[in-house]
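Just so you know, the protein sequences line up as chains A and B, in that order. End of the first sequence = 252 in the working numbering, gap-free, step of one. End of the second sequence = 1327 in the working numbering, gap-free, step of one. Here a beta-carbon is modelled for each residue, glycine too, at the ideal position from N, C-alpha and C. A quick note: this is a predicted structure, and the numbers were derived from the prediction, not measured. To start, the structure itself, in structure tokens.
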Amino acid sequence: MSAILELSNVSRQFGGIKALNDVSFSLHEGEIVALIGPNGAGKTTLVNAITGVHSPSSGKVVFKGEDVTKQKPFQAARRGLARTFQIVQPFPRMTVVENVAASALFGGNPESIAAARDRAMEELEFVGLGHVAETPASSLTLPNRKRLELAKSLAMGPKVLLLDEVNAGLNATEIDVALDLIRRIAARGVSILIIEHLMKVVLSLSSRVLVLHHGELIAEGPPQEMVHDRKVIEAYLGPKFAERFQKEMADG
Amino acid sequence: MSRKSNLTLIVMGLWVLALALAPSLLGNYEVRIAISIAMFTALALSWNIIGGFTGYPSFSTAAFYGIGCYVGALAQRSGVPAALAWVAAAAFVGGVSFALGAIVLRLKGHYFAIGSIALVDISRLVISSWGSVTGGGNGLNVPLLEGRPPEVSALVLYVMLGIMVLAFVTNVIVDRTRLGFGLRCIDQNEDAADMVGIDTTRYKIAAFVLSAIFPGAVGAVYASWVGYIDPTDSFDILTTVKVPVMAMLGGAGTLLGPVVGAFSFVMLEEIFWANFLEWNRAIMGAIVVVLIFFLPGGILRLDWKRILRRLSDRSKARSTDKGSAKE
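In structure tokens:
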């Protein structure tokens, strides 16, 4: 397994605030890695730094062996580094299929607008939105909007997919459907970095977990270990609870 | 969909033909109006590319038009044939808009609108202060087109119609190709457009340049027609406001919207000028307000079928009322 996406010492400052501080990690081909951390830890900033929305103040982002630190978002998309947004971003006055066709046309490499549309239809069938292809994007329900986001990213034929809380706001049944979908995406050979709050998702999907706190990577490892890691528990619940928890664990 | 767009092309073709027949069928006054319609249709169609498709409320039309006036005039004064001077003006304005677009298109929404108005004023100030070349506030005389007055106005009409057709064809091409698709994405959600791989900066500049070259040509032709230009007339702030209003009146972002809008506006203006000389500006203002409140999508986006049905329902209801009253 070689690293398809590699961050070395990435920092990002907003004025005096260090939103990301010296973050290094790599994502291997075909891997699903979860990125967790309390609110305000800098998870979305990390995705923004990778995709060029807010380029890193220092450090390096290497994608497929190419230095892409200074890239613009549209270049990231064309390179095969796609993302979804925490707050869904459809083109509201276009139909669902037009939304996806836009991604296919500009982010992918189709011959014509018609070819892009065909590609879009395939992806819509894949995520299960084929039946609403011709309805306006603004009329979709939240779970369907999340799926639309996924279809849009997939239409670009990405190598790496950064999923920013695609499951937020979904109920238990909807999450199961979403989990299945993410697994099927990974099966297509797409490497996935998933930002997630729901431990169920993290535990069942990822082979590795990165924990971000105050812009720093405080722990990295297999999900089961991370759940019991003292630093991780401290970051989420404070040092007092971490101490008690560990005592209880030790006492059995 | 293709049947509908073919209908659009047929309607437009007939309309161009009708305007082109004006010199042989109608009098001087009507030809003047036809020129005015062709001119403003070309301007509104140009605006449609940046303001309609892309959703950037540009008020730069008068800047492009004014620079076109001056470049055309100066070229002709230095001996360049009229036709070449018009093309040169379009090309020059295209270059200027490329440079200015790279700066002003960084702004969005209201800020862009204000920035684009500033372009008009800056251009006007440069032209009026650069007296040694442009004649400053005294204006410039432009070599008149040769021929008897009716021939000249027929020629001007045909040239303006030519520019109008070119502007329309550009709209059709933009509408059908990836450029138009990309511009629509930018209009609806610029961040998302960026994320799906659209080079938004390049697309916006392309739209801005396309919306500038035709006004540049129109300005140059106008200068040749009237034979005299000055800064206040060439960079008229009213032009810059009227053109977006026309496009929105008809329906911004549609192909025929600017055509319908420019025609309706020119006709309304003609009627108001003729009948309410002192009040016409106020009436224009009222139209703008009504437009924003009641016709945000323009004339073409009205649900005409529903309106007709409601009208016929109402007239039916009235006739049955009368019927029942008799009984």
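Closest Cα partner of residue i within the set the options
i                 : options                                    : result
Asn9 (chain A)    : A:Leu163, A:Gly65, A:Ser57                 : A:Ser57
Pro1150 (chain B) : B:Ile1035, B:Gly1298, B:Leu1291            : B:Ile1035
Gly1261 (chain B) : B:Pro1296, B:Asn1275, B:Ala1274            : B:Pro1296
Leu212 (chain A)  : A:Ala120, A:Val61, A:Val33                 : A:Val33
Ile50 (chain A)   : A:Glu125, A:Gly15, A:Leu163, A:Lys152      : A:Leu163
Ala133 (chain A)  : A:Met121, A:Asn109, A:Leu205               : A:Met121
Thr1239 (chain B) : B:Asp1121, B:Ala1274, B:Leu1210, B:Leu1161 : B:Asp1121
Ala1113 (chain B) : B:Gly1055, B:Ala1217, B:Phe1293            : B:Gly1055
Arg208 (chain A)  : A:Ser26, A:Pro143, A:Pro38, A:Gly215       : A:Ser26
Gly1227 (chain B) : B:Leu1144, B:Trp1279, B:Asn1280, B:Gly1139 : B:Leu1144
Thr1201 (chain B) : B:Ala1102, B:Lys1316, B:Leu1017, B:Ile1049 : B:Ala1102
Cys1185 (chain B) : A:Phe91, A:Glu66, A:Gly59, A:Thr45         : A:Phe91
Ile1049 (chain B) : B:Met1248, B:Val1031, B:Met1160, B:Arg1310 : B:Met1248
Gly108 (chain A)  : A:Ile218, A:Ile192, A:Glu125, A:Ala77      : A:Ala77
Asn144 (chain A)  : A:Glu174, A:Met226, A:Pro73, A:Ile36       : A:Glu174
Ala1063 (chain B) : B:Thr1008, B:Leu1268, B:Ala1220, B:Leu1026 : B:Ala1220
Lys146 (chain A)  : A:Met156, A:Asp22, A:Val177, A:Ala116      : A:Val177
Chain-ordered chain A contacts of residue i [CB-CB under 9 angstroms]
i                 : result
Phe1181 (chain B) : Glu98, Ala101, Ala102, Leu105, Phe106, Ile113, Ala116
Three-way DSSP call (helix, strand, coil) for residue i in this model
i                 : result
Lys1340 (chain B) : There is no way to answer for residue 1340 (chain B), as the model of chain B reaches only from 1001 to 1327.
His228 (chain A)  : helix
Asn21 (chain A)   : strand
Arg1148 (chain B) : coil
Asn1006 (chain B) : helix
Asp67 (chain A)   : strand
His131 (chain A)  : helix
Leu1025 (chain B) : helix
Met1001 (chain B) : Unreliable positioning characterises Met1001 (chain B) in this predicted model, as indicated by a pLDDT of 45, which lies under 50. The coordinate reading is nonetheless provided below. Three-state result, Met1001 (chain B): coil.
Asn1138 (chain B) : helix
Tyr1111 (chain B) : helix
Val1289 (chain B) : helix
Ile1307 (chain B) : helix
Ser1129 (chain B) : helix
Val61 (chain A)   : strand
Leu210 (chain A)  : strand
Ser26 (chain A)   : strand
Pro945 (chain B)  : Within the shown structure, residues of chain B are numbered from 1001 to 1327, placing residue 945 (chain B) beyond reach of any answer.
Ile1299 (chain B) : helix
Pro136 (chain A)  : strand
Ile87 (chain A)   : coil
Glu1327 (chain B) : Below a pLDDT of 50, predicted positions are generally treated as unreliable, and Glu1327 (chain B), at 45, falls in that range; the measurement from the model is reported next regardless. Of the three classes helix, strand and coil, the one that applies to Glu1327 (chain B) here is coil, per DSSP.
Chain A contact residues for residue i, given Cβ-Cβ distances below 7 angstroms
i                 : result
Arg1178 (chain B) : Leu105, Ile113
Thr1041 (chain B) : Per Cβ cutoff of 7 angstroms: no residues; Thr1041 (chain B) is ~25 angstroms from chain A at best.
Opening and closing residue of the beta strand (DSSP E) in which residue i lies
i                : result
Gln13 (chain A)  : 3–14
Asp164 (chain A) : 160–164
Ala34 (chain A)  : 32–36
Ser191 (chain A) : 191–195
The ligand SAM heavy atom lying under 7 angstroms from the CB of residue i
i                 : result
Leu1125 (chain B) : Although the ligand SAM was asked about, the structure shown includes no ligands whatsoever.
8 angstroms Cβ cutoff met for residue i and residue j
i                 : j                 : result
Thr84 (chain A)   : Val166 (chain A)  : yes
Gly80 (chain A)   : Pro136 (chain A)  : no
Ile1229 (chain B) : Val1142 (chain B) : yes
Arg1124 (chain B) : Pro1231 (chain B) : yes
Gly1072 (chain B) : Ala1212 (chain B) : no
Asp1175 (chain B) : Leu1255 (chain B) : yes
Tyr1065 (chain B) : Pro1215 (chain B) : yes
Ser206 (chain A)  : Ile194 (chain A)  : yes
Ala104 (chain A)  : Arg119 (chain A)  : yes
Val68 (chain A)   : Leu148 (chain A)  : no
Ala1217 (chain B) : Ala1085 (chain B) : no
Leu1183 (chain B) : Phe1053 (chain B) : yes
Enclosing alpha helix (DSSP H) for residue i [first to last residue]
i                 : result
Gly1180 (chain B) : 1178–1188
Ala219 (chain A)  : First-last for Ala219 (chain A): 216–221, but that is the beta strand (DSSP E), not the alpha helix (DSSP H).
Arg83 (chain A)   : Element bounds for Arg83 (chain A): not the alpha helix (DSSP H) but the beta strand (DSSP E), 81–83.
Leu1210 (chain B) : 1200–1226
Val96 (chain A)   : 96–107
Lys72 (chain A)   : First-last for Lys72 (chain A): undefined, no H or E at that position.
Thr44 (chain A)   : 43–51
Ala1063 (chain B) : 1061–1077
Pro1057 (chain B) : From DSSP, Pro1057 (chain B) is part of no alpha helix (DSSP H); its letter is neither H nor E.
Gly1094 (chain B) : 1082–1104
Residues that residue i contacts on chain B, provided the C-beta gap is smaller than 7 angstroms
i                : result
Lys152 (chain A) : Val1196
Pro73 (chain A)  : Asp1194, Met1195
Within chain B, partners of residue i - CB distance below 8 angstroms
i               : result
Pro92 (chain A) : Gln1188, Asn1189
Arg78 (chain A) : Gly1197
Under 8 angstroms from the C-beta of residue i: neighbouring residues of chain A
i                 : result
Cys1069 (chain B) : By Cβ distance, chain A contributes nothing, its closest Cβ being about 37 angstroms from Cys1069 (chain B), past 8 angstroms.
Thr1200 (chain B) : Phe74
Neighbouring residues, chain B, relative to residue i (Cβ below 9 angstroms)
i                : result
Met156 (chain A) : Val1196, Gly1197
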